[in-house]
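Shown next, in structure tokens, is the structure this report addresses.
Residue numbers (the numbering used here), protein chains in the order written: chain X, 1 to 349; chain H, 1 to 349.
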């Protein structure tokens, strides 16, 4: 009999992979370290999805419902994978309920969906004063406010008159070692800017960027409506420093389209933080002894034709554990990995 | 017994979907209108894949080998789908060998992988003089030269001293109705620019752009190496007109970073043409009576969580038939569609 597929991580990619395997007649064990399913979109309380602004929780509820109470899926919440041995078709994996005793599982193949973490803007970017000034926040902090249908100055709870997003915080930055682009921040900032303009029609909202990477339909779904329907103001510019001036923030830098220095007062500044590999992704790379790329994400040597195989046969990756991905990428990769993982257990079974 | 899955289109997405279905124990019928498999990358003779520059033909050969001579896959080359009736789980589809009599097939579900066509730069963009001047070419024309390991001025066969790429030809253009971004042209132009610089180290190569959309790893895989290792020159600017001056081309426009008008002589100008729905995509939308979006691509109402379901149950889409996609997108979508199509025939079987 064919063995189970082990899926590590219960975010969108892991949920979609598990559902796919069950739908096609396979069996999966899904291990998630938190006590709830949903991954980063749940943990960070994402409000609305990019680009159509439907409820993130509704979308996650639908994905969770598709894996709960199914005989083909063995859910292990509050659990972690400690060690692994063996090889493709025959892995022995030890899994423990957090704080409990380890249990050994026999699985035929593995899909890692352990995702990313948001860049910590306190690390090496002191110029933005994230930990010093409550009115300097991140995309994630903004999302939490928006999920409660509000957007205020955290320092005093008042309505901001001027809000600025700063793009590429922790991305496209050689000094930090993160040369890559985090892919989704342009779209997410634009989505949040639209939501703020809808909530607060008198508030001016600016987005300061290097390149607006609104690839594919995000161009017409987000970038044009943001400007034409919601009056979001996009400025190609570099922000070099944020200072306090009275009870507001003074943002200094250069407007690179106009070619002149820029000093603007803002009430709230949102740092568009990028993606870094999560602790779980780094740990699973160690447990399964797979190659990481120079950024610590899981290496996929077969890309672009095979974006899910890792350096170890029988171990696959899907979603942002392999680098910056949007939700559509994660869903597609989850299916591609599920196909390979299931074919592997069947050929070995 | 579960019915077959019909796949329409033998490009990367169709090949990957067929292989996936066979690998997992299903049966597929793959209909391709040309007499060979490989789709647009084959027809347009792509030389090297973005971003790693491996041979496109080698990659296609591997994909073709995975579907040829497999009992689970019924290949119908030189064939087209004429009509369809029925519903999810029970479609009657008439398929004809080109010029031959139609045969009726019973299939349970359908995956459309009929792809895109390159924007025709003669249409409504006369200012670039594509059909008037042999030294104005497209990304596709450049790729054909590069596949023969050469890059010359088409008008005289000589080595060009200066080459310019113009981005967003047929994309991000409301006048044409193509407001969307074609997603891959920034990466492909950068890849070709690197290849030209390798072939012709004395040739200056420029890329004129609005935003460089090197999302994710393309930033570090292509954009930085293009500039630092290969001295490709990126200029943020708008090109408004191309004129003949002697035996060279005079490119007029504005350098938007420097904020000044620009007049530069070039020997070859490469138009970075975007994606439009292929004739096959438009035709299959008619045959299966599925909704298109305003650009004529196949509408996917469930995105981002479900990027492959169409408006008709049992009919799925993968790859650039649904809009601008890169190869990784196409592979992921092909697996996602294969999963859904196979689950559909099994639940109905």
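C-beta: ideal position from N, C-alpha, C; glycine also.
Interfacial residues, the stretch 25 to 53 of chain X to chain H, with Cβ spacing under 9 Å: 25, 26, 49, 50, 51 and 52
C-beta contact flag for residue 137 of chain X and residue 160 of chain X at 8 Å: Position 137 of the first chain, counted from the first residue, corresponds to residue 137 of chain X. Position 160 of the first chain, counted from the first residue, corresponds to residue 160 of chain X. Not in contact: residue 137 of chain X and residue 160 of chain X (Cβ atoms no closer than 8 Å).
Chain H contacts from the stretch 182 to 204 of chain X (Cβ-Cβ distance under 9 Å): 182, 183, 184 and 186
Cβ neighbour criterion (16 or more within 10 Å) applied to residue 85 of chain H: Sequence index remark: in the second chain, residue 85 of chain H carries index 85 (1-based). So residue 85 of chain H counts as exposed.
Cα-Cα separation, residue 61 of chain X to residue 71 of chain X: Translated into positions along the first chain, residue 61 of chain X becomes position 61. Translated into positions along the first chain, residue 71 of chain X becomes position 71. C-alpha separation (whole angstroms): 19 Å.
Minimum C-alpha distance to residue 309 of chain X - residue among H:297, H:257 and H:328: Mapped onto the first chain, residue 309 of chain X falls at position 309. Minimum Cα distance to residue 309 of chain X is reached at H:328.
Residue 181 of chain X in three-state terms, based on DSSP: Here residue 181 of chain X is taken as the residue at index 181 of the first chain, counted from 1. Residue state, collapsed to three classes: coil.
Between the CA atoms of residue 106 of chain H and residue 190 of chain H - distance to the nearest angstrom: In the second chain, residue 190 of chain H corresponds to position 190, counting from 1. In the second chain, residue 106 of chain H corresponds to position 106, counting from 1. Answer to the nearest angstrom: the Cα atoms are 45 Å apart.
Contact with chain H by residue 333 of chain X, beta-carbon distance below 8 Å: Residue 333 of chain X sits at position 333 when you count from the first residue of the first chain. Chain H, which has a Cβ nearer than 8 Å to the Cβ of residue 333 of chain X, makes this yes.
Chain H contacts from the stretch 262 to 292 of chain X (Cβ-Cβ distance under 9 Å): none
Under 8 Å (Cβ pairs) to chain H, residues found in the stretch 202 to 221 of chain X: 211, 212, 213, 214, 215, 216, 217, 218, 219 and 220
Whether residue 244 of chain H touches residue 133 of chain H by CB criterion (8 Å): In the second chain, the residue the question calls residue 244 of chain H occupies position 244. In the second chain, the residue the question calls residue 133 of chain H occupies position 133. Against a cut-off of 8 Å, the Cβ pair of residue 133 of chain H and residue 244 of chain H comes out as a contact.
Interface positions of the stretch 117 to 147 of chain X facing chain H (Cβ-Cβ less than 9 Å), listed along the chain: none
Rounded separation between residue 229 of chain X and residue 304 of chain H - CA only: Position 229 of the first chain, counted from the start, is the residue given in the question as residue 229 of chain X. Position 304 of the second chain, counted from the start, is the residue given in the question as residue 304 of chain H. About 22 Å.
Beta-bridge pairing of residue 118 of chain X - partner residues as DSSP gives them: Position 118 of the first chain holds residue 118 of chain X. The partner list for residue 118 of chain X (beta bridge, DSSP) reads X:275.
Within-8 Å CB hit, residue 240 of chain X to chain H: Residue mapping note: residue 240 of chain X aligns to position 240 of the first chain, counting from 1. No, no contact with chain H.
Spatially closest choice to residue 140 of chain H from H:131, H:119, H:129 and H:156, by CA coordinates: Counting from 1 along the second chain, the entry for residue 140 of chain H is found at position 140. Residue 140 of chain H has its Cα closest to that of H:119, out of H:131, H:119, H:129 and H:156.
Spatially closest choice to residue 111 of chain X from X:200, X:27 and X:135, by CA coordinates: In the first chain, the residue the question calls residue 111 of chain X occupies position 111. Checking every option, the nearest Cα to that of residue 111 of chain X belongs to X:27.
Nearest-angstrom Cβ-Cβ length linking residue 211 of chain H and residue 145 of chain X, presumed shorter than 8 Å: Position 211 of the second chain, counted from the first residue, corresponds to residue 211 of chain H. Position 145 of the first chain, counted from the first residue, corresponds to residue 145 of chain X. 28 Å between Cβ atoms; not a contact.
Inter-residue spacing [alpha-carbon to alpha-carbon] between residue 266 of chain H and residue 198 of chain H: Here residue 266 of chain H is taken as the residue at index 266 of the second chain, counted from 1. Here residue 198 of chain H is taken as the residue at index 198 of the second chain, counted from 1. Taking the straight line joining both Cα atoms gives about 19 Å.
Delimiting residues of the beta strand (DSSP E) encompassing residue 245 of chain H: For the purposes of this step, residue 245 of chain H is taken as the residue at position 245 of the second chain. That run of the beta strand (DSSP E) goes 233 to 245.
Of the residues H:103, H:67 and H:269, the one placed nearest residue 79 of chain H, counting alpha carbons only: Locating residue 79 of chain H in the second chain gives position 79, where the first residue counts as 1. Closest option to residue 79 of chain H, Cα to Cα, is H:103.
Interfacial residues, the stretch 243 to 255 of chain X to chain H, with Cβ spacing under 8 Å: none
Neighbour list for residue 166 of chain X in chain H, Cβ cutoff strictly below 7 Å: Sequence index remark: in the first chain, residue 166 of chain X carries index 166 (1-based). Within chain H, no residue comes near residue 166 of chain X; the closest Cβ sits about 17 Å away, beyond 7 Å.
Complete runs of the alpha helix (DSSP H) confined to the stretch 52 to 112 of chain X [at least 4 residues]: 56 to 65
C-beta atoms of residue 277 of chain X and residue 226 of chain X nearer than 8 Å: Stepping through the first chain from its first residue, residue 277 of chain X is reached at position 277. Stepping through the first chain from its first residue, residue 226 of chain X is reached at position 226. For residue 277 of chain X and residue 226 of chain X, no; Cβs fall outside 8 Å.
Cα-Cα separation between residue 19 of chain X and residue 23 of chain H, rounded to whole angstroms: Translated into the one-based positions of the first chain, residue 19 of chain X becomes position 19. Translated into the one-based positions of the second chain, residue 23 of chain H becomes position 23. Going from the Cα of residue 19 of chain X to the Cα of residue 23 of chain H covers about 18 Å.
Residues of its chain near residue 302 of chain H, where Cβ-Cβ distance is below 7 Å and the 5 sequence neighbours each way are ignored: One-based indexing of the second chain puts residue 302 of chain H at position 302. If we look at residue 302 of chain H and ignore the five residues flanking it on each side, its Cβ neighbours are 309.
Of the residues X:177, X:123 and X:43, the one placed nearest residue 115 of chain X, counting alpha carbons only: Here residue 115 of chain X is taken as the residue at index 115 of the first chain, counted from 1. Checking every option, the nearest Cα to that of residue 115 of chain X belongs to X:43.
Proximal residues to residue 15 of chain X (C-beta, below 6 Å), its chain only, five neighbours per side dropped: Looking up residue 15 of chain X in the first chain gives position 15. Excluding sequence neighbours, residue 15 of chain X sits near 63 and 67.
Cα-Cα separation, residue 171 of chain H to residue 273 of chain H: Mapped onto the second chain, residue 171 of chain H falls at position 171. Mapped onto the second chain, residue 273 of chain H falls at position 273. Between residue 171 of chain H and residue 273 of chain H, the C-alpha separation is close to 8 Å.
The alpha helix (DSSP H) enclosing residue 144 of chain H, as first and last residue numbers: One-based indexing of the second chain puts residue 144 of chain H at position 144. Taken as a continuous stretch (DSSP letters only), the alpha helix (DSSP H) holding residue 144 of chain H covers 139 to 147.
Residue 346 of chain X, enclosing alpha helix (DSSP H) - first and last residue: Walking along the first chain from the start, residue 346 of chain X turns up at place 346. Start and end: 327 to 348.
Cβ of residue 71 of chain X within 8 Å of any chain H Cβ: For the purposes of this step, residue 71 of chain X is taken as residue 71 along the first chain, with counting starting at 1. No, its Cβ sits nowhere closer than 8 Å to a Cβ of chain H.
Residue 81 of chain H vs residue 235 of chain H beta-carbon contact at 8 Å: As a working note, residue 81 of chain H is residue 81 in the second chain. As a working note, residue 235 of chain H is residue 235 in the second chain. Contact flag unset, no.
Cutoff 8 Å: residue 257 of chain H Cβ touching any chain X Cβ: The count along the second chain starts at 1 and reaches residue 257 of chain H at position 257. Yes, because at least one Cβ of chain X sits closer than 8 Å to the Cβ of residue 257 of chain H.
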